[in-house]
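Residue numbers (the UniProt record's numbering), protein chains in the order written: chain U, 1 to 285; chain L, 1 to 285. This report concerns only the one structure given below.
2 protein chains.
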Amino acid sequence: MSRPNAEPAGARPGRGTLIIIGGHEAKEGRREILREVARHVQEKKLVIATVASHKPEGYFEEYEKAFHGLGVGELAELYVNERQEALHDEKLQALTDAAGVLFSGGDQVRITSQIGDTPLDARVREIYEAGGVVAGTSAGASVMCETMLVGGASRSSYRIGDLRMAPGLGLVCGIIIDQHFAERGRMGRLLGAVAQNPRILGIGIDEDTAIVMENSHFRVIGSGAVYVADGSGITHSNIAEAHTDEPLSLSDVRLHVLSAGDAFDLKRRQPQPGEAHRAPTRERG
Amino acid sequence: MSRPNAEPAGARPGRGTLIIIGGHEAKEGRREILREVARHVQEKKLVIATVASHKPEGYFEEYEKAFHGLGVGELAELYVNERQEALHDEKLQALTDAAGVLFSGGDQVRITSQIGDTPLDARVREIYEAGGVVAGTSAGASVMCETMLVGGASRSSYRIGDLRMAPGLGLVCGIIIDQHFAERGRMGRLLGAVAQNPRILGIGIDEDTAIVMENSHFRVIGSGAVYVADGSGITHSNIAEAHTDEPLSLSDVRLHVLSAGDAFDLKRRQPQPGEAHRAPTRERG
């Protein structure tokens with residue numbers, strides 16, 4: 001479907017890679033997702049941005065341990081306590097020569113309110129545009145979008161007024177990300193977000209699962225599933241008419257479930273099932 | 001879409017009504033769902049079948065209180081501790097002259113293993129066929145189906161081998177019910193069930209929400225949402241090829257979200273949005 005007036009869906013123009021993680025990526029054993037981050041950084045510098053957290057203590061040390069043996073050249077921490085610090089050169093130096101940034105979890109609004117439109121924000125974009133990797137887990141995943149999901153019912157019937165959204169870092173357009181997806185039962189609020197404007201593709205990512213996005217294409221890695229809710233064919237929704245405490249009514253969403261090996265073409269809104277999902281691996285009698 | 005070789009989807013032929021409840025229906029205040037059950041029973045007898053529970057103490061008393069003032073003529077309890085009791089006339093007498101039966105929550109396999117194919121089972125069908133109401137909440141909802149969902153991942157990434165199904169009471173065909181739907185994050189397993197055979201329409205019901213089914217048509221009541229997953233257009237699934245510990249991969253599910261006032265035509269697999277969801281109820285400036 002052509003969308004002549006909308007910005008094309010996908011990562012912002014640039015040579016880089018976005019790794020958008022549903023939270024709780026494995027930090028021991030195979031560490032498939034962190035290994036993918038490391039593969040992009042190689043022996044260069046990776047910055048762990050713990051700015052989403054009100055109390056960053058321990059986060060960086062946890063990632064230092066988790067990345068051990070994966071071949072990253074250097075790990076550095078970036079934390080900003082007050083927005084004012086984000087305007088100073090001192091913090092900016094943490095990002096010097098970085099080939100990648102990983103935003104850890106916490107509160108996505110903390111990331112945007114502290115570093116949005118600061119030199120730090122601009123530097124993250126430069127790293128991405130120059131071919132680097134920007135990864136984010138949990139809050140760090142949500143924040144990637146132009147419009148990000150910041151709140152709404154988990155594990156309960158979704159009500160129309162439940163949803164809260166805010167402007168994100170805007171590294172990716174045309175999609176909205178939700179994380180801890182299966183674990184926190186967030187289908188209702190993702191559909192609620194899509195219903196608000198079906199131009200936006202809803203992407204729900206389970207824990208220890210990630211999408212690796214380049215341009216308008218992503219593939220899935222990790223142990224869980226990724227749900228893609230395509231609202232372009234919606235024939236009815238009560239989102240504009242119903243009271244805010246009413247539940248959703250929505251017809252004809254196109255839904256895909258993807259897992260490791262699968263890919264997705266954001267421009268065509270088309271899943272590309274992986275080869276591994278086509279070959280029989282067992283017999284039934 | 002015509003399905004010439006499959007039994008038509010919907011309630012089994014009969015003059016009765018099925019009220020299929022997602023669990024935790026309100027037992028105080030407006031009690032919309034119990035009020036609907038009572039409306040069908042009128043001043044006749046309603047039997048509360050607590051057989052799903054291993055320890056039925058308190059369930060009947062709770063419903064006695066909950067139905068107070070709703071106009072039901074008589075409430076009786078039906079409990080079966082061992083299957084042998086289900087074969088005796090004594091238990092059957094509880095159902096004499098009943099206009100309705102409500103199966104309470106617990107374990108759906110307890111219902112089928114204790115009363116499946118017994119005179120009690122036959123009597124429940126007779127009540128329904130004669131124009132009575134059969135209601136069920138939680139386990140009592142799942143058990144209505146020809147094939148029922150009995151287990152599978154909640155609040156975690158769905159794995160192909162997670163799903164457990166079993167033969168249900170078969171009061172309704174062509175659908176599979178899941179309950180506590182939003183509250184327990186069960187979209188993954190519902191889609192997993194649908195992927196096994198897209199002939200089956202997946203219906204997930206939130207708590208304090210119910211579908212009221214007559215023939216091949218249902219409408220939604222209560223405070224939450226009902227999710228309908230239609231797999232007839234699925235273009236790819238890994239359900240038969242992947243290992244049991246792998247997550248799902250599934251393309252092109254058609255998904256609807258219904259809430260109070262909406263209805264659904266099971267034969268045409270078509271939602272019928274309620275009038276209340278079409279009329280503007282507020283202005284935005």
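Each residue gets a CB set at the ideal place from its N, CA and C atoms; glycine is no exception. Bear in mind the structure is a predicted one, so any value in this text is a computation, not a measurement.
Counting C-beta atoms within 10 angstroms of its own C-beta, residue 273(L) has 16 or more neighbours from the protein chains shown and is therefore classed as buried. By the Cβ rule, the segment 154-167 of chain L does not count as touching the segment 198-206 of chain L, because fewer than three pairs are nearer than 8 Å. Less than 9 Å divides the Cβ of residue 49(L) from the Cβ of residue 140(L). Using a CB distance below 7 Å, the part of the segment 229-260 of chain L facing chain U consists of 236, 238, 241, 242, 243, 246, 247, 248, 249, 250, 251, 252, 253, 254, 255, 256, 257, 258, 259, ordered along the chain.
Against chain L, the CB of residue 225(U) has a partner CB under 9 Å away; the residue lies at that interface.
The segment 32-50 of chain U makes no contact with the segment 242-251 of chain U: fewer than 3 CB pairs, one atom from each, lie closer than 8 Å. For the pair of segments examined, the segment 118-136 of chain L was found to touch the segment 14-21 of chain L: the number of CB pairs separated by less than 8 Å reaches three. For residue 183(L), the number of other beta carbons within 10 angstroms of its own is at least 16, and it is reported as buried. Separation of residue 158(U) and residue 136(U) (C-alpha to C-alpha, rounded to the nearest whole angstrom) is 26 Å. In this structure, the alpha-carbon of residue 104(U) lies about 14 Å from that of residue 180(U). For residue 263(L), the enclosing beta strand (DSSP E) stretches over residues 263-265. Minimum Cα-Cα distance from residue 144(U) among the listed residues 112(U), 223(U), 59(U), 248(U) corresponds to 112(U). In the three-state reduction of the DSSP assignment, residue 45(U) falls in the strand class. Fewer than three Cβ pairs drawn from the segment 227-240 of chain L and the segment 57-68 of chain L lie within less than 8 Å of each other, which leaves the two stretches out of contact.
In the three-state scheme derived from DSSP, where H, G and I count as helix and E and B as strand, residue 179(L) is classed as coil.
Taking the CA atoms as reference points, residue 271(L) sits about 29 Å from residue 265(U). Cβ contact annotation for residue 66(U) (same chain, cutoff 8 Å, sequence separation greater than five): 27, 28, 31, 34, in chain order.
Around the beta-carbon of residue 122(L), fewer than 16 other beta-carbon atoms lie within 10 Å, marking it exposed. A straight line joining the alpha-carbon of residue 249(L) with that of residue 252(U) spans about 20 Å. Closest in C-alpha terms to residue 44(U), from the list 75(U), 214(U), 24(U), 119(U), comes 75(U).
For the 9 Å CB-CB criterion, residue 101(U) and residue 191(U) do not form a contact.
Using a Cβ-Cβ cut-off of 9 Å, residue 182(L) counts as an interface residue toward chain U, since at least one Cβ of chain U sits closer than that to its own. C-alpha of residue 198(L) to C-alpha of residue 178(U): approximately 27 Å in a straight line. Annotation for residue 187(L): the continuous alpha helix (DSSP H) segment containing it runs 187-196.
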